[in-house]
Structure formats: structure tokens, C-alpha cells
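Comments concern the structure below.
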Amino acid sequence: MQSKYPQKPGIDFILKQAFFYWNKTLIFQLIFSILYFGIFLTVIFVADLKYDIINQYIETTKYAKDGAEIYASELTKLAATENFQMFSLAIIGTTIFLYPLNLGFYQIYRKIDLNEKLELGDLLVGYNGLNFFKYIGYYIFWFFIYRFTVPTVVLAIIWVAVTVFVAPLMFFTDKRIFEAISLNFKALKMYYVEILVCTIVAFLFKYLGFTLFLVGGLFTFPFWNAMIYSLYKSVFSEKS
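When you read off a place in the sequence shown, starting at 1, and then add 335, the result is the number in the working numbering.
Right, dumping it as C-alpha cells:
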């Protein structure tokens, strides 16, 4: 790993670069979101038809007026049911299956750098051949650690920071998971301020479209990938 620049890249440069990539690929952002939410919501609809979890959850929320303790108890009961667990597995499985869709943006952004023609198929490059299983395997590993760290908040943030470059390192340099995490950790020690600030901006902007414009969220939801690529390009050099 080495910086491409004589000095640390400024946060303003990284942000401008991320917004440049995002703005150049708005149609791909929209297609990504339509595919992602189309598949995700379809699975929720089909799974709910089978397990009827949404209605049960709505009924459970009625206990909120009886106090937080009773409400939490009823939620625990619902979560312990076989139907809820099967419903949750369907949602988790869908999320895992959809993860490689993000990898397509790395190819798209690299093609922009190389001034190559963009194609719709670029968005699906993460599903090509054995790469699909490689990225799926990584995301399963990442997801279950993230799931256990979420209640602590701080550990979840640390886990995100420690793995923010793993996917592009695997995609561009064919690094293995733990080798990529090691390189990511070294980068984090050198660029922790840049990574922290850009991660916060990416998270806020990602959901801002849904908050302010609703439909606009279809364009902002994939923004995280542009920020990761901008950070990766600014921190790592693939030249030997």
C-alpha cells in the first residue's frame, strides 16, 4: 500500500471525487436501486404471505402503550417463533445474495478512469463465475460479525472501518479476506480521520434522499460505493 499523492489526500478532494463518480453514473444508481429494492421487497412480500409476520408485528406494537417492558417481552416472544426465524432467514439470505451487486460499481468507476464505454452488464460483474461465491463468502463473514457488534454501536463502527477497503482490495488485487483486512487496518491507522469523516458523510447522504425526497433515495442509496472507491483510489496504489 502506498499513497498515490505526495501528501495525504485532503478530505475535500476525496468527497469531490466521490460525488463526481456518483454524478457520472446516476442512471446506474437508479438501476441498482430498482433491482435491489425490487428483489428485496418481492422476497419480503412472498415470505410474509407464507409466514404472516408483518401482521403479527403490527399486533405486537399495540403492547407499546402498556410500557416498554411488556412491549419488549412480546417482541421477544414473536422473535422466538419458528415463522419469525424463517422470515428473518429469508431476509438475511436475500441481503447476502444482493451484496455482489455493489461490486459492479467498482468496475464502472474504474472504466470511467480509463475512459472506457460503460455497459449495463458492468453492474452485474460481481455475479460472474466463481467471483460470486468469493464475494458472497466474504459478505456472510462480514455480516455475522457486524450483526453481533451492532448492539454495542462502537464495535460496529470499528468493524465497518476495519473492513471498508476489503471488497475493492479483493476485486482489484485479488487479495484474500484476512490479507485485505490486514491492509485495511494499516490504512486505517494512517488515514483514520479521512475514513471516519467520509464514512459519516456517505452514511448521511445515502439515506438523505429517502428522508427529504423519498424517490430521490433511489439515486442516493448506492452512494456508499462511490465513497469507498474514492477513498480506495486515494489511499492505495496497485502499482508494485
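All residues carry an ideal CB built from backbone N, CA and C; glycine is no exception.
Would you give the residue range spanned by the alpha helix (DSSP H) that D383 belongs to?
-> If you look at D383, you'll find it in the alpha helix (DSSP H) that goes L361 to Y386.
Residues in its own chain within less than 6 Å of D383 by CB, not counting five upstream and five downstream?
-> Excluding residues within five positions, the ones whose Cβ falls inside 6 Å are I389.
If you drop the 5 nearest sequence neighbours on each side, which residues of the same chain put their C-beta closer than 6 Å to that of Q364?
-> For Q364, where only same-chain residues beyond five positions count, the Cβ hits under 6 Å are F554 and P557.
Taking only the alpha-carbon atoms, compute the straight-line gap between T395 and G373 and give it to the nearest angstrom.
-> Roughly 27 Å between the two C-alpha positions.
For F440, the first and last residue of its enclosing alpha helix (DSSP H) = The continuous alpha helix (DSSP H) containing F440 extends over residues L438 to D448.
Three-state class that DSSP yields for S408 in the structure shown = Collapsing the DSSP output to three states places S408 in a helix.
L547: buried (16+ other C-beta within 10 angstroms of its C-beta) or exposed?
-> Label assigned to L547: exposed.
Short Cβ contact (8 Å threshold) for L458 with L436 = Yes, these two residues count as a Cβ contact at 8 Å.
Where does T416 fall in DSSP's three states?
-> Looking at T416 - three-state DSSP - the assignment turns out to be coil, as it is neither helix nor strand.
Look at the alpha carbon of V532 and the alpha carbon of L539, and state the distance between them as a whole number of angstroms.
-> Using only the alpha carbons, I get a separation of about 11 Å.
Short Cβ contact (8 Å threshold) for V501 with I480 = No, they are not a contact pair.
What is the residue span of the alpha helix (DSSP H) that P557 lies within?
-> Note, P557: premise wrong, no alpha helix (DSSP H); not H, not E.
Which class does N466 belong to by DSSP, given the choice of helix, strand or coil?
-> DSSP, reduced to helix, strand and coil, places N466 within a helical segment of the structure shown.
Backbone CA spacing between L413 and F419 [nearest angstrom] = Roughly 7 Å between the two C-alpha positions.
Taking just the CA atoms, how far does M505 sit from D347?
-> Straight through space, the alpha carbons of M505 and D347 are spaced by roughly 26 Å.
Enumerate in chain order the residues of its own chain whose CB-to-CB distance from W559 is below 7 Å, with the five nearest sequence positions on each side excluded.
-> Result list for W559: A537 and K541, in chain order.
Measure from the alpha carbon of F310 to the alpha carbon of each residue in S423, G461 and A496, then state which is nearest.
-> Because the chain spans 336 through 575 in this model, residue 310 falls outside it and cannot be assessed.
Close beta carbons around L460, own chain, < 7 Å, minus the five adjacent residues each side = Contrary to the premise, residue 460 reads as Val rather than Leu in this sequence. Contacts found: L438, G439 and Q442.
Can the beta-carbon of I471 be found closer than 8 Å to that of I431?
-> The Cβ-Cβ distance between I471 and I431 falls below 8 Å.
Starting from E454, follow the alpha helix (DSSP H) in both directions and report where the run begins and ends.
-> No alpha helix (DSSP H) contains E454, which DSSP labels as neither H nor E.
Please state whether DSSP places S565 in a helix, a strand or coil.
-> S565 falls in the helix class under three-state DSSP.
Where R511 sits in the DSSP three-state scheme | R511 falls in the coil class under three-state DSSP.
Neighbourhood of Q352 by C-beta distance below 6 Å, restricted to the same chain and skipping five residues each side = The answer, listed in chain order, is S565.
DSSP state of F500, grouped into three classes?
-> In the three-state DSSP reduction, F500 falls in the coil class, being neither helix nor strand.
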